[in-house]
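Student: Residue numbers (my numbering): 1139 to 1323. Idealized CB from N, CA, C, for every residue including glycine. Have a look at the structure that comes next, please.
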Amino acid sequence: LFVKPSRAGSSFGATKVHKADDRETQQDRLAAAIATAGEHDWKLLVEQGIDGREIECAVLCPKAGDEPEASWPGEIVLDHQNDDQFYDFDSKYMDASASHVEVPANLPVSVLEDVRDVARRAFKAVDGAGLSRVDTFVTPDGTVMVNEINTMPGFTPISMYPKAWDATGVSYTELITRLIEGVLR
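Structure follows, in structure tokens:
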């Protein structure tokens, strides 16, 4: 189970709540997670944990009415794996050795294509414009599920969004140019 602020990014204030053997401990863990998230927003999200890998796909549609394009999907691989770890704020910004990006993700091409298709459909379903990063879960049986759509994804040269496009053959400079030209049309 995950508890996080509704309107905070970068896993800021998010807590992974582990199952306890007794009800009282479980309630204490949940209360602590709610308190942590509540420090950052009064509106909270409680999400079920999913048995699967989180795979991210960059979507680009700089000109309204065009069909969205999807990059090769990527995965953030945690390098200090343990049962308690998830890709939290500290892993993202405080410890450069905590993770690395793999694009394309180490999955069969058929699953990568499914992720791309799901990402394009999710983008269209929310009437996406410009750019988004669609985060999915791929379950052990290969099922692809949308986790969330990030309409303002990280865009630094080390962020997943430009890295995914670079692996797809679109450089950082070209990506910025395409977005600007799309707005000017």
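According to the Cβ coordinates, are Ala1208 and Ala1257 closer than 8 Å?
Tutor: yes
Student: If you draw a straight line from the C-alpha of Lys1262 to the C-alpha of Glu1162, how long is it?
Tutor: 44 Å
Student: How would you call Gly1307, buried or exposed, if buried means at least 16 neighbouring beta carbons within 10 angstroms?
Tutor: exposed
Student: DSSP beta-bridge partners for Gln1153?
Tutor: In the sequence as displayed, the identity of residue 1153 is Thr instead of Gln. Residue pairing of Thr1153 in beta bridges, as defined by DSSP: Val1141.
Student: Where Pro1206 and Val1197 are concerned, what is the direct C-alpha to C-alpha distance, given to the nearest angstrom?
Tutor: Each residue's alpha carbon lies about 6 Å from the other.
Student: Taking Cβ to Cβ, would you say Leu1182 is nearer than 8 Å to Pro1143?
Tutor: Yes, Cβ-Cβ distance for Leu1182 and Pro1143 is below 8 Å.
Student: When you compare only the Cα positions, how much space is there between Ser1237 and Leu1216?
Tutor: 4 Å
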